[in-house]
Amino acid sequence: MSKTQLGDDDLALPAALTLWPHDATSKAVEPRDLPSLREALREAYRALRAGTGTPWVITAGGLILTPSDLMNMMPPL
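Using my numbering, the first residue of the sequence shown is number 131, and each one after it goes up by one.
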């Protein structure tokens, strides 16, 4: 991940979430535009905790958050 810190302003901006399911039936996945990075992170963390998919997030500023980045950013329960 970039050394760029995400601020409150970033969390309010739109983001794109791509969630690759862990089942073998999906051959392609399209990114979904979400109204805020906060919402994209919430969905990404939910998928990571449940083990249902591998999320990637692209912020409005173009920063790509990989699954590894998201795992490192995920707050404890």
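A virtual CB, placed ideally from N, CA and C, is assigned to each residue, including glycine. Owing to the predicted nature of the structure, the values given are computational and were not obtained by experimental measurement.
Beta-carbon spacing of L193, P185 below 8 Å: Contact: no.
Who pairs with V187 in a beta bridge, going by DSSP? L147 and L195
Neighbour-count burial assignment, G183, 16 or more Cβ in a 10 Å radius: buried
Sheet register partners of D138 (DSSP bridge): DSSP, once it has assigned bridges, lists no residue as partnering D138.
Cα-Cα separation between G181 and D138, rounded to whole angstroms: About 27 Å.
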